[in-house]
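Numbering (this note's numbering), first residue to last: 427 to 1118.
We put the beta carbon where it would ideally sit given N, CA and C, even for glycine.
Since the model is a prediction, treat every value here as computed from it, not as a measurement.
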Ligand code: IVH
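Here is the structure:
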């Protein structure tokens, strides 16, 4: 078939797929089967593979995401994103309405639901999605266009007509309850921490590096504000109607209200009905409808005067406290968890609630059998906020807090300045040991795949894992012989363990699980001291010289290395070949000395990270955003148009990949670097002292 015919077909397929996506995702009335849809999509994908130069960045095939890692450029909003003034008080809202009516006279309000997600600003040019930027600080946000493209209800190309050539439309990206519940079920199954609420889940998802992950998570987007010079409507309402016609998802629950009573009725209705919605809302937004009136009212520095958010009260339910469980964490901290008589609260049935600590129990005088108030403040686990004393049994007694560890029986201790009780039996208490190993293998630490919570427990029960150093002494034969594991999983674990030897020192330091040494602290310590031995030998004063290290962290580090058991574990890890020192970056030349460089786009010969590594190797500094301080930009394929424009405007030089390579290859070498260990060598390096 000729190229011309194929390309015509590509355009046709893209149009059909956009049409059917809208029918399916926005209108909920599909005209073709999923099977047929997938067939069309595959046909388009095949053609795009054949003619990659003709594949549009807004093609429907891009909805499934790519696994290229994204990094987010910080970009300036063309029009700053203001926030809204908000109130929980019906009286305050009433006064606001009265004031507007006094000032404007006959006025129209548009009442809308306040979606509980994360704000987004979308720019469309000639009907195509150009850019999606998060709110950020209101002036600058992150460019998350590739991730936003995966949201199925969002048009990549607009329908209908009459849209301005260039405009911005703002709205909320949110995670419907169904996606949120599915995601948390998946995370629970692999032992990952649960996401607190749909709002955090949406914001976190949007910042994922891989748009494939984003595509999988099922975000949604609703639009509620049109902005820009080309917008020629007279009212907000008209603009919403028009946006709907262009293919955007615009809430069907907005209403025009003319009086305080009508607004109040809208709020009263949705305070109840919102519980049946498939997504989270946390209030109602009231906006003055006519743009002329909006202009009259104007804005303060922070928020418009023509709009206000009324927030719903957190929901509360009354139920009986049946019993209290005590959970033991990785650090030995004891957390009391209440078991409740199941009760309906904000759309879910609540059976458990957190109580934080012994002080909280004493403060609220919570007793077994009490009727207690539980509140959901947007978190998954609700909390107990009070006791209904009038319903208390006359024979009830104050709660007696436990004195021994519910897991190992050790006597609990309390540390100065800490509200929690602790089990001090770090090396003999099962949940602490397992928790530490779980922490050690997790993605941001040693990143050992295949070793989930259940497997760790299984290995512990079979005497194969007593502490983190045993991870490097696992016997593949023994592993494979365990029930529920088998050869394939065993091989996976062994491979994961082997790979983890290449993990850099700062992450090894984090993985050790020293109290208060989180990811960032570990980085600061590694940069400052460079070796584990130096950290172990440092005094409290010396430790405090490193950035962000206060006396609490310093004391904890000293206590960690004073424990003989920890010293023994570290020696065993050292024998196994883990990295206990910062690797020096090999400096190849001074070609880029003093230069600030932005690497942007996709490159032919190497990954973006490799390009950045080259910049550093040649003495240059990597910057994320184009500004007047940048010496030059190295542009790969598909460098963002906004970035290119900005560079051109500021007169910043743009180099191609080839020009950049020429620049550094022509440079004189400062030192003859020792050949760094290649990745394959690292992977096949023998693990000392192990059985394999
Ligand atoms: S209008 C200038 N409408 O609430 C007006 N905001 O607390 C821009 N939000 O930052 C905002 N639902 O993220 C508007 N129907 C709605 C909304 C809404 C949720 C969010 C938005 C905003 C925040 C302010």
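Which value, in whole angstroms, describes the spacing of the CA atoms of residue 874 and residue 894?
As a position in the chain shown, residue 874 is number 448, starting the count at 1. As a position in the chain shown, residue 894 is number 468, starting the count at 1. Taking the straight line joining both Cα atoms gives about 12 Å.
Report buried or exposed for residue 748, applying the criterion of at least 16 other Cβ atoms within 10 angstroms of its Cβ.
Here the question's residue 748 lines up with position 322 in the chain shown. Exposed: under 16 other Cβ atoms inside 10 Å.
Out of 581, 915, 1035, point me to the one whose CA is closest to residue 549's CA.
As a working note, residue 549 is residue 123 in the chain shown. Proximity to residue 549 across 581, 915, 1035 peaks at 581, based on C-alpha coordinates.
Alpha carbon to alpha carbon, how far is residue 1008 from residue 928?
For the purposes of this step, residue 1008 is taken as residue 582 along the chain shown, with counting starting at 1. For the purposes of this step, residue 928 is taken as residue 502 along the chain shown, with counting starting at 1. Residue 1008 and residue 928: Cα-Cα distance of roughly 12 Å.
Within a Cβ cutoff of 6 Å, which residues of the same chain sit near residue 676, ignoring the five residues on either side of it in sequence?
Stepping through the chain shown from its first residue, residue 676 is reached at position 250. So the list reads 649, 666, 669, 670, once near-sequence residues are dropped.
When you measure from the CB of residue 650 to every non-hydrogen atom of ligand 1, does any distance come out below 7 Å?
Within the chain shown, the letter at position 224 stands for residue 650. At least one heavy atom of ligand 1 is nearer than 7 Å to the Cβ of residue 650, so yes.
Could you spell out where the alpha helix (DSSP H) holding residue 690 opens and where it closes?
For the purposes of this step, residue 690 is identified with residue 264 of the chain shown, where counting begins at 1. Looking at the DSSP string, the run of the alpha helix (DSSP H) that includes residue 690 is 686-699.
So, with DSSP's three-state summary, where would you put residue 742?
Position 316 of the chain shown holds residue 742. If DSSP states are grouped into helix, strand and coil, residue 742 belongs with the strands.
Is it true that the CB of residue 686 sits closer than 8 Å to the CB of residue 531?
In the chain shown, counting from the first residue as 1, residue 531 sits at position 105. In the chain shown, counting from the first residue as 1, residue 686 sits at position 260. In this structure, residue 531 sits away from residue 686, with a CB-CB distance that is not shorter than 8 Å.
Segments of 3+ residues assigned as beta strand (DSSP E) that fall wholly inside the region 1014-1075:
Scanning the region 1014-1075 for uninterrupted beta strand (DSSP E) segments of 3 residues or longer gives 1022-1026, 1058-1061, listed from N- to C-terminal end.
Flag this pair as yes or no: are the beta carbons of residue 509 and residue 734 separated by less than 8 Å?
Indexing the chain shown from 1 puts residue 509 at position 83. Indexing the chain shown from 1 puts residue 734 at position 308. Judged by beta-carbon spacing, residue 734 lies beyond the 8 Å limit of residue 509, meaning their Cβ atoms are not closer than that value.
Counting C-beta neighbours from all protein chains within 10 Å, is the total for residue 785 16 or more, i.e. buried, or is it exposed?
Your numbering for residue 785 matches position 359 in the chain shown. The residue in question, residue 785, is exposed, as its Cβ has fewer than 16 Cβ neighbours within 10 Å.
Within the same chain, show all residues whose beta-carbon is closer than 6 Å to that of residue 441, passing over the 5 residues directly before and after it, in chain order.
Locating residue 441 in the chain shown gives position 15, where the first residue counts as 1. Hits under 6 Å: none found.
Taking just the CA atoms, how far does residue 682 sit from residue 1083?
Position 657 of the chain shown, counted from the first residue, corresponds to residue 1083. Position 256 of the chain shown, counted from the first residue, corresponds to residue 682. Near 55 Å, if we compare the C-alpha coordinates of residue 682 and residue 1083.
Here's a check: name, in chain order, each residue in its chain whose Cβ is nearer than 7 Å to the Cβ of residue 918, leaving out the five neighbours to either side.
Position 492 of the chain shown, counted from the start, is the residue given in the question as residue 918. These residues qualify, in order along the chain: 875, 876.
Roughly how many angstroms separate the alpha carbons of residue 950 and residue 974, rounded to a whole number?
Within the chain shown, the letter at position 524 stands for residue 950. Within the chain shown, the letter at position 548 stands for residue 974. Rounded to whole angstroms, the gap between the alpha carbons of residue 950 and residue 974 is 7 Å.
Per-residue burial, residue 866 [other beta carbons within 10 Å of its own, 16 or more giving buried]:
What you label residue 866 is simply residue 440 of the chain shown in a count that begins at 1. The residue is buried, with at least 16 neighbouring Cβ atoms inside 10 Å.
Three or more C-beta pairs under 8 Å: does that hold for the region 997-1004 against the region 1021-1035?
Short answer: they don't touch.
If you follow the alpha helix (DSSP H) that residue 936 is part of, which residue opens it and which one closes it?
Taking the chain shown and counting its residues from 1, the one referred to as residue 936 is at position 510. DSSP places residue 936 in the uninterrupted alpha helix (DSSP H) bounded by 931-937.
Reference residue 808, options 788, 613, 836, 779, closest by Cα
By 1-based counting over the chain shown, the position of residue 808 is 382. It is 779.
Other residues of its chain near residue 934: CB distance less than 6 Å, five sequence neighbours each side excluded:
The count along the chain shown starts at 1 and reaches residue 934 at position 508. Once the five neighbours on either side are set aside, the close Cβ partners of residue 934 are 1004, 1005.
Can you list, in chain order, the residues of its chain with a C-beta nearer than 6 Å to that of residue 1060? Leave out the 5 residues immediately preceding and following it.
For the purposes of this step, residue 1060 is identified with residue 634 of the chain shown, where counting begins at 1. Around residue 1060: 1025, 1081, 1086.
DSSP-derived helix/strand/coil call for residue 990
Walking along the chain shown from the start, residue 990 turns up at place 564. Secondary structure of residue 990 (DSSP, three-state): helix.
Cβ distance (whole Å) where residue 594 is taken to contact residue 654 below 8 Å
The residue given as residue 594 occupies position 168 in the chain shown. The residue given as residue 654 occupies position 228 in the chain shown. Taking the Cβ atoms as the reference, residue 594 lies roughly 5 Å from residue 654, within the contact range of under 8 Å.
Nearest neighbour of residue 632, chosen from 610, 956, 661, 645 [CA to CA]:
In the chain shown, the residue the question calls residue 632 occupies position 206. The closest CA to that of residue 632, considering only 610, 956, 661, 645, is found on 645.
For residue 634, which residues of its own chain have a beta-carbon under 7 Å away from its beta-carbon, when the five flanking residues on both sides are left out?
For the purposes of this step, residue 634 is taken as the residue at position 208 of the chain shown. So the list reads 573, 640, once near-sequence residues are dropped.
Spatial neighbours of residue 506 within its chain, please: C-beta separation below 7 Å, excluding the five flanking residues on both sides.
Mapped onto the chain shown, residue 506 falls at position 80. 564, 565, listed in sequence order.
Range of the contiguous beta strand (DSSP E) that encloses residue 707
Translated into the one-based positions of the chain shown, residue 707 becomes position 281. Where residue 707 is concerned, the enclosing beta strand (DSSP E) stretches over 707-714.
By a C-beta neighbour count over all protein chains shown, 10 Å radius and 16 as the cutoff for buried, is residue 736 buried or exposed?
The residue given as residue 736 occupies position 310 in the chain shown. Residue 736 should be labelled buried.
Can you tell me the Cα-Cα spacing of residue 704 and residue 537, whole angstroms?
On the chain shown, position 278 is the one that residue 704 refers to. On the chain shown, position 111 is the one that residue 537 refers to. Each residue's alpha carbon lies about 19 Å from the other.
Could you check if residue 871 is buried or exposed, using at least 16 other CB atoms within 10 Å of its CB as the buried criterion?
Your numbering for residue 871 matches position 445 in the chain shown. It is buried - the Cβ of residue 871 has at least 16 other Cβ atoms within 10 Å.
Among all the DSSP beta bridges, which residues are the ones paired with residue 540?
Position 114 of the chain shown, counted from the start, is the residue given in the question as residue 540. Residue 540 is bridged to 709.
Does the Cβ of residue 461 have 16 or more other Cβ atoms within 10 Å, making it buried, or fewer, making it exposed?
The residue you call residue 461 lines up with position 35 of the chain shown. The residue in question, residue 461, is exposed, as its Cβ has fewer than 16 Cβ neighbours within 10 Å.
How is the alpha helix (DSSP H) around residue 434 delimited, first residue to last?
For the purposes of this step, residue 434 is taken as residue 8 along the chain shown, with counting starting at 1. Counting along the chain, the alpha helix (DSSP H) containing residue 434 begins and ends at 429-447.
Below 8 Å on the Cβ atoms is my guess for residue 534 versus residue 486; work out the distance and round it to an integer in Å.
As a working note, residue 534 is residue 108 in the chain shown. As a working note, residue 486 is residue 60 in the chain shown. The Cβ separation is near 38 Å, so there is no contact.
Is DSSP giving residue 646 helix, strand or coil here?
Within the chain shown, residue 646 is the residue found at index 220, counting from 1. Note: residue 646 maps to strand in three-state DSSP.
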